[in-house]
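K.L.:
Structure in C-alpha cells, see below.
Protein chains: 2
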Amino acid sequence: MNFAVIGAGNGGQCIAGYLSMLGYSVKQQDKNGELIKSLQEKGRIKLKGKVVGEASLDLVTTDVHQVIEDTDIIMVVTTADAHMEVAQEIAPFLQKNQIVILNPGHTGGALEFLHTIIQHGCLNIPVIAETQDLLFSCRAVSVGEVNVSGIKRVMDIASIPSEKASEVVDLFKDIFPQFRARPNVLYTSLNNLGAMVHPVPTLLNAGRIESQQSFDYYSEGITKGIANVMEQMDEERLSIGKALGVDLTSILQWQYEAYGIEADSIYEALTCNESYIGIKAPKTLDSRFLTEDVPCGLVPLVNIGRLLGIEMPVTQSFIETANSLLRKDYRKEGRNLEKLGIKNHLEELMHVIS
Amino acid sequence: MNFAVIGAGNGGQCIAGYLSMLGYSVKQQDKNGELIKSLQEKGRIKLKGKVVGEASLDLVTTDVHQVIEDTDIIMVVTTADAHMEVAQEIAPFLQKNQIVILNPGHTGGALEFLHTIIQHGCLNIPVIAETQDLLFSCRAVSVGEVNVSGIKRVMDIASIPSEKASEVVDLFKDIFPQFRARPNVLYTSLNNLGAMVHPVPTLLNAGRIESQQSFDYYSEGITKGIANVMEQMDEERLSIGKALGVDLTSILQWQYEAYGIEADSIYEALTCNESYIGIKAPKTLDSRFLTEDVPCGLVPLVNIGRLLGIEMPVTQSFIETANSLLRKDYRKEGRNLEKLGIKNHLEELMHVIS
Chain E
1 MNFAVIGAGN
11 GGQCIAGYLS
21 MLGYSVKQQD
31 KNGELIKSLQ
41 EKGRIKLKGK
51 VVGEASLDLV
61 TTDVHQVIED
71 TDIIMVVTTA
81 DAHMEVAQEI
91 APFLQKNQIV
101 ILNPGHTGGA
111 LEFLHTIIQH
121 GCLNIPVIAE
131 TQDLLFSCRA
141 VSVGEVNVSG
151 IKRVMDIASI
161 PSEKASEVVD
171 LFKDIFPQFR
181 ARPNVLYTSL
191 NNLGAMVHPV
201 PTLLNAGRIE
211 SQQSFDYYSE
221 GITKGIANVM
231 EQMDEERLSI
241 GKALGVDLTS
251 ILQWQYEAYG
261 IEADSIYEAL
271 TCNESYIGIK
281 APKTLDSRFL
291 TEDVPCGLVP
301 LVNIGRLLGI
311 EMPVTQSFIE
321 TANSLLRKDY
331 RKEGRNLEKL
341 GIKNHLEELM
351 HVIS
Chain Y
1 MNFAVIGAGN
11 GGQCIAGYLS
21 MLGYSVKQQD
31 KNGELIKSLQ
41 EKGRIKLKGK
51 VVGEASLDLV
61 TTDVHQVIED
71 TDIIMVVTTA
81 DAHMEVAQEI
91 APFLQKNQIV
101 ILNPGHTGGA
111 LEFLHTIIQH
121 GCLNIPVIAE
131 TQDLLFSCRA
141 VSVGEVNVSG
151 IKRVMDIASI
161 PSEKASEVVD
171 LFKDIFPQFR
181 ARPNVLYTSL
191 NNLGAMVHPV
201 PTLLNAGRIE
211 SQQSFDYYSE
221 GITKGIANVM
231 EQMDEERLSI
241 GKALGVDLTS
251 ILQWQYEAYG
261 IEADSIYEAL
271 TCNESYIGIK
281 APKTLDSRFL
291 TEDVPCGLVP
301 LVNIGRLLGI
311 EMPVTQSFIE
321 TANSLLRKDY
331 RKEGRNLEKL
341 GIKNHLEELM
351 HVIS
C-alpha cells in the first residue's frame with residue numbers, strides 16, 4: 001500500500017512523516033514551490049512530541065499528477081477551501097481502485113469532491129472518504145519538523161459509496177486504528193464542530209481581533225452571551241441531525257467525549273477546558289476560523305437545512321456577518337447545493353450519499 | 001403655552017429645566033418614584049455648560065394623568081422602547097388640540113404612538129410629532145443638575161398629520177428655533193442614525209463588552225472591517241429612501257453636517273471625530289445601543305424595507321445576532337408592521353403618514 005499526501009502544511013507534513021516512519025512509500029505534494037523546495041533540501045520529516053521518529057519521503061513535489069499516479073491512497077490534508085481546486089486538478093488522473101481521504105472533510109467535503117471530479121472529466125470514480133477531524137493535533141515548528149501535541153482516540157470516517165467505509169477502516173487497522181466507520185458522510189459532515197466553535201467567537205470579537213489585541217481565544221474570547229449564541233447555532237445543526245435520523249454530537253457531548261469535561265454549559269466547558277489554555281485568538285479576520293469554517297462549514301449546513309425546510313436564522317446571520325466584514329459572498333463561493341452536486345431535493349442528497 | 005415633560009432622565013430634566021427657565025409652565029412626570037421624590041426634594045432644575053440657569057417646575061409627579069391634563073404640549077423624553085407604554089397610559093386622556101412630541105422618535109415613533117393610542121381608546125387624536133434626535137447633548141451630573149455639552153444647530157421634526165409640522169415649528173420659533181419641518185415622518189424616522197452607529201460596533205465587540213473591558217467606543221471599537229459593515233447597513237437604509245423618494249442623510253454626510261468632518265470613509269470619520277473622544281463603550285450588552293436601537297431602529301427599518309420588497313440582509317443579520325445574544329425576539333417585541341399599525345401594503349403606510 002502506498003500513499004500520496006496532498007498538502008504539506010502542519011497536518012500534511014505530520015501524516016506524511018508518520019506514514020513514512022511506518023515503512024510505507026509516501027509521495028508528498030504542495031502547490032507552494034518554496035515550501036516544497038525547503039522540504040526537498042531538508043530531505044526528511046522529523047516528528048516529536050506524542051510521536052517520535054523521522055523518515056524520508058519517496059517524492060516531494062509540486063506536481064500533483066506525479067504523486068497520484070499508481071498510488072493506492074490519496075490523503076488530502078489541505079484546508080477545506082482548497083479541496084475543490086485539488087479535485088479539479090486530479091480529476092483526469094484518478095483511478096477507480098484508488099481511495100481519496102479528505103483529512104478532514106469539514107461539511108460536505110466528499111460530496112463537493114465527488115461532484116467536482118465528475119464535472120472535470122473523471123471517468124473512473126474512486127472511493128471518496130472524509131474524516132470528521134484531523135487525527136493529529138500538530139504544528140510544524142520548522143519545515144520538516146513537526147510537534148505532535150495530541151492524537152485523538154477515535155476518528156470517525158465515512159465514504160461515498162457509503163459501504164466502503166468499513167473496508168477503509170480495515171485497510172487502516174494497523175496505521176490508524178482510531179478510524180471508526182460511520183454509516184454515511186452525513187455523520188462526519190454534520191459533526192463538523194469547528195464550524196460551531198470558530199465563527200461565532202471570532203465575529204463577536206471582531207473589533208479586538210482587527211485591532212490585533214492578543215487574547216486567549218477560549219477563556220477570554222468566549223463570554224456567557226457568546227456561548228449562548230454558540231448553543232443556539234449548535235441547536236440548529238442538531239435539528240438537521242434529528243430530521244435526518246443521524247445521531248450527532250453536541251458541543252457539550254463532544255467536550256465530554258474528547259476531553260472528559262463534564263460541564264453544565266458550553267460556557268463552562270469551553271472556558272475551563274485546560275487543553276485550550278494558551279490558544280490565542282487569530283490575529284486577523286482573514287483567518288481559517290472564518291475563511292474555512294464559514295464557506296465549508298456554515299454554508300453547506302444551511303443548504304442542507306434548506307433541503308429539509310429547517311430555518312437556521314442564527315447560522316444564516318453569521319454567514320451574512322462574515323460576508324459583510326470580509327466583503328465576500330460565501331453563499332455563492334462556499335459549498336452551496338450546486339457545489340455539492342445536489343439540485344433541490346432531499347432525495348437526491350440521500351441517493352448520492354448512499 | 002404650557003408643557004408636560006414625560007420622562008425625567010438626562011434629556012427630560014434638561015428640557016423641563018430649559019422650558020421652565022424660559023418662563024413656561026412645566027409639569028414633569030416619570031414612573032420612577034425614587035427619582036421623582038429626589039427631584040421634588042431638590043425643588044429646582046439647574047442647567048450648566050452651554051445653557052446656564054435654574055428654574056422650578058410647576059409639578060413633579062409619577063402621575064401621568066395629572067401632567068397631561070389641560071396641557072398644550074406633551075414632550076415625551078423617554079427611551080424609544082418606552083414610547084408604547086406612555087402611549088397606552090395617556091391614550092384615554094388625550095385631547096384633539098394637544099401636541100405630542102417624541103424627543104426623538106427613533107424609527108417609527110409617531111406611527112407606533114398613533115396606532116397605540118387608537119388601540120387604547122383615544123377618541124381625540126392629537127397631533128403627534130417626532131424629532132430626528134435629541135436637541136441637547138446633556139447629562140445629569142446629579143438629580144436636578146444637568147450639564148449641557150452641546151445643542152444641535154438644526155433639528156428635523158415631522159408630524160402626523162404631516163401638514164401640522166410647520167405649525168409646530170412656528171409655535172416653537174422662540175423656544176427651539178432649531179426645529180425644521182420635514183414633509184412627513186419618513187424623513188425623521190428613516191434618518192435614525194443612532195441605529196446605524198450603535199448596534200454593529202456593539203455586537204462585533206460583544207466579547208470585550210461582556211468581559212467589561214473599558215475601551216473608547218468610536219476610536220477603539222470601530223475597525224475598518226466594522227466600518228465596512230456599518231457602511232453596508234447604511235446603504236440598505238439609504239436604498240429605502242431612494243425607493244420612497246425621501247432624501248436621507250448618509251453616515252458620512254451626517255458627520256459632515258453635524259460635526260464638520262470631511263472624510264473619505266466612515267472609518268476615518270468616526271475614529272477621527274474629536275467630539276467622540278472619551279466616549280466609552282457600554283459596560284454591558286443590556287445597553288440602549290442594543291435594547292433601544294434594535295427594536296426601535298433596525299426592526300422598523302427592515303419592516304418598512306419589506307413593504308418595498310427591499311432585502312436588507314446585513315440589517316437582518318444584526319437583529320438576529322442581538323436576538324441570540326440577548327435571548328430576545330426583537331422582531332416580535334420591536335416596532336414591526338403590526339406595532340406601526342400597517343398591515344402589508346405600502347399604500348397603507350403612505351396614507352397614514354400623509
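Note that the protein sequences, when read in sequence, are chains E and Y.
UniProt numbering applies: residue 1 is where the first sequence begins, and numbers increase by one.
UniProt numbering applies: residue 1 is where the second sequence begins, and numbers increase by one.
Note that the Cβ used here is the ideal one computed from N, Cα and C, for glycine as well.
These numbers come from a predicted model, not from an experiment.
1) Where does A263(Y) sit, in a helix, a strand or coil, going by DSSP?
2) Given this structure, state the Cα-to-Cα distance separating I353(Y) from T61(Y), to the nearest angstrom.
3) If you measure between the beta carbons of G334(E) and H106(E), is that distance less than 7 Å?
4) Any beta-carbon of chain E closer than 7 Å to the one on P313(Y)?
5) With 7 Å set as the bound, which would you pick, yes or no: does the beta-carbon of L325(Y) sit closer than that to a beta-carbon of chain E?
6) Are any of the Cβ atoms in chain Y nearer than 7 Å to that of I310(E)?
7) Spatial neighbours of G221(E) within its chain, please: C-beta separation below 7 Å, excluding the five flanking residues on both sides.
8) In three-state terms, what does DSSP make of A87(E)?
9) Any contact of the segment 155-165 of chain E with the segment 186-198 of chain E, i.e. 3+ C-beta pairs under 8 Å?
10) Scan the segment 211-226 of chain E for residues whose Cβ lies nearer than 9 Å to a Cβ of chain Y and list them as they occur along the chain.
11) Strictly under 7 Å for the Cβ-Cβ distance: is N303(E) near chain C by that measure?
12) Kindly indicate which three-state DSSP category residue 360(E) falls into: helix, strand or coil?
13) With a threshold of 7 Å between beta carbons, is S354(Y) in contact with chain E?
14) CB-CB under 6 Å to D133(E), same chain, minus the five flanking residues each way: which ones, in chain order?
15) Kindly say whether L252(Y), judged by its beta-carbon, lies nearer than 7 Å to any beta-carbon of chain E.
16) Using a Cβ cut-off of 7 Å (strictly closer), state whether E320(E) contacts chain Y.
17) What first and last residue would you give for the alpha helix (DSSP H) that runs through I118(Y)?
18) Within 8 Å, do at least three Cβ pairs link the segment 267-274 of chain E to the segment 77-88 of chain E?
19) Looking at C-beta atoms only, is the number of pairs between the segment 116-131 of chain E and the segment 163-173 of chain E that lie closer than 8 Å three or more?
20) First and last residue of the alpha helix (DSSP H) that includes S239(E)?
21) Please classify residue 357(Y): does DSSP put it in a helix, a strand, or coil?
22) Just grab the DSSP bridge partners of R280(Y) for me.
23) Mind listing the chain Y neighbours of A206(E)? Cutoff is C-beta to C-beta under 8 Å, in chain order.
24) Using 8 Å as the Cβ pair cut-off and three pairs as the minimum, do the segment 49-63 of chain E and the segment 254-270 of chain E touch?
25) Considering only residues of the same chain and omitting the five flanking positions on each side of K42(E), which have a CB-CB separation below 7 Å?
26) Which chain E residues are close to Q232(Y), counting only those with a beta carbon under 8 Å from its beta carbon?
27) Specify the secondary structure class of C138(E) as computed by DSSP and reduced to three states.
28) Spatial neighbours of Y256(Y) within its chain, please: CB distance less than 7 Å, with the 5 preceding and 5 following residues excluded, ordered by chain position.
29) For G17(E), report the span of its alpha helix (DSSP H) as first-last.
30) Roughly how many angstroms lie between the CA atoms of N192(E) and L238(E), to the nearest whole one?
31) Would you say S287(E) faces chain Y, with C-beta separation under 7 Å as the test?
32) From D329(E) to G245(Y), what distance separates their C-alpha atoms?
33) Can you name, in chain order, every residue of its own chain whose Cβ lies under 6 Å from the Cβ of A4(E), other than the five neighbours on each side?
34) Do you know offhand how far Q88(Y)'s Cα is from G341(E)'s?
35) Any C-beta of chain E sitting closer than 7 Å to the C-beta of V229(Y)?
36) Would G17(Y) and V77(Y) qualify as a contact pair, given that the criterion is a beta-carbon distance under 7 Å?
P.N.:
With the given structure in hand:
1) Here residue 263(Y) is taken as the residue at index 263 of the second sequence, counted from 1. In the structure shown, the three-state DSSP call for A263(Y) is coil.
2) What you label residue 353(Y) is simply residue 353 of the second sequence in a count that begins at 1. What you label residue 61(Y) is simply residue 61 of the second sequence in a count that begins at 1. Answer to the nearest angstrom: the Cα atoms are 33 Å apart.
3) As a working note, residue 334(E) is residue 334 in the first sequence. As a working note, residue 106(E) is residue 106 in the first sequence. No. Outside cutoff.
4) Along the second sequence, one-based indexing puts residue 313(Y) at 313. By this cut-off, P313(Y) is an interface position.
5) Here the question's residue 325(Y) lines up with position 325 in the second sequence. With respect to chain E, the C-beta atom of L325(Y) has a partner C-beta closer than 7 Å.
6) Here the question's residue 310(E) lines up with position 310 in the first sequence. No, no contact with chain Y.
7) The residue given as residue 221(E) occupies position 221 in the first sequence. Cβ neighbours of G221(E) beyond the five flanking positions: P201, N205, F215, A281.
8) What you label residue 87(E) is simply residue 87 of the first sequence in a count that begins at 1. Assignment of A87(E) by DSSP, reduced to helix, strand and coil, places it in the helix class.
9) Counting Cβ pairs under 8 Å, three or more are found: they touch.
10) Contact annotation: in the segment 211-226 of chain E, residues whose CB is within less than 9 Å of a CB in chain Y are S211, Q213, F215, E220, G221, I222, T223, K224, G225, I226.
11) Protein chains E and Y are contained in the structure displayed, whereas chain C is not.
12) Outside the displayed range of chain E (1 to 354) lies residue 360(E), so it cannot be described from this structure.
13) By 1-based counting over the second sequence, the position of residue 354(Y) is 354. For S354(Y), the answer is no, since every Cβ of chain E falls outside 7 Å of its Cβ.
14) What you label residue 133(E) is simply residue 133 of the first sequence in a count that begins at 1. Cβ neighbours of D133(E) beyond the five flanking positions: P104.
15) Here the question's residue 252(Y) lines up with position 252 in the second sequence. Not closer than 7 Å to any Cβ of chain E, the Cβ of L252(Y) fails to qualify, so no.
16) Within the first sequence, numbered from 1, the residue matching residue 320(E) stands at position 320. Taking Cβ atoms only, chain Y reaches closer than 7 Å to E320(E), which makes this a yes.
17) As a working note, residue 118(Y) is residue 118 in the second sequence. Per DSSP, I118(Y) belongs to the alpha helix (DSSP H) from 109-119.
18) no
19) yes
20) For the purposes of this step, residue 239(E) is taken as residue 239 along the first sequence, with counting starting at 1. 224-244 is the extent of the alpha helix (DSSP H) around S239(E).
21) The question about residue 357(Y) has no answer here: the residues shown for chain Y are numbered 1 through 354.
22) Translated into positions along the second sequence, residue 280(Y) becomes position 280. Strictly speaking, residue 280(Y) in this sequence is Lys, with Arg absent from that position. D216(Y), per the DSSP bridge assignment.
23) For the purposes of this step, residue 206(E) is taken as residue 206 along the first sequence, with counting starting at 1. Within 8 Å Cβ-Cβ: L204, N205, T223, G225, I226.
24) no
25) Taking the first sequence and counting its residues from 1, the one referred to as residue 42(E) is at position 42. So the qualifying residues of the chain are V143, G144.
26) Counted from its first residue, the second sequence places residue 232(Y) at position 232. Among the residues of chain E, those whose CB is under 8 Å from the CB of Q232(Y) are S324, following chain order.
27) For the purposes of this step, residue 138(E) is identified with residue 138 of the first sequence, where counting begins at 1. Note: C138(E) maps to strand in three-state DSSP.
28) Within the second sequence, numbered from 1, the residue matching residue 256(Y) stands at position 256. Correct list, in chain order: E262.
29) In the first sequence, counting from the first residue as 1, residue 17(E) sits at position 17. It spans 10-21 - the alpha helix (DSSP H) in which G17(E) sits, taken as one unbroken run.
30) Position 192 of the first sequence, counting from 1, holds the residue named residue 192(E). Position 238 of the first sequence, counting from 1, holds the residue named residue 238(E). Across the structure, N192(E) and L238(E) are spaced so that their CA atoms are roughly 11 Å apart.
31) On the first sequence, residue 287(E) is found 287 positions in, with the first residue counted as 1. No, because no Cβ of chain Y sits closer than 7 Å to the Cβ of S287(E).
32) Counting from 1 along the first sequence, the entry for residue 329(E) is found at position 329. Counting from 1 along the second sequence, the entry for residue 245(Y) is found at position 245. Taking the straight line joining both Cα atoms gives about 29 Å.
33) Here residue 4(E) refers to the residue found at position 4 when the first sequence is read from its first residue. If we look at A4(E) and ignore the five residues flanking it on each side, its Cβ neighbours are K27, V67, I68, T71, I74.
34) Along the second sequence, one-based indexing puts residue 88(Y) at 88. Along the first sequence, one-based indexing puts residue 341(E) at 341. C-alpha separation (whole angstroms): 55 Å.
35) Within the second sequence, residue 229(Y) is the residue found at index 229, counting from 1. V229(Y) counts as touching chain E.
36) As a working note, residue 17(Y) is residue 17 in the second sequence. As a working note, residue 77(Y) is residue 77 in the second sequence. Not a contact, by the Cβ cut-off of 7 Å.
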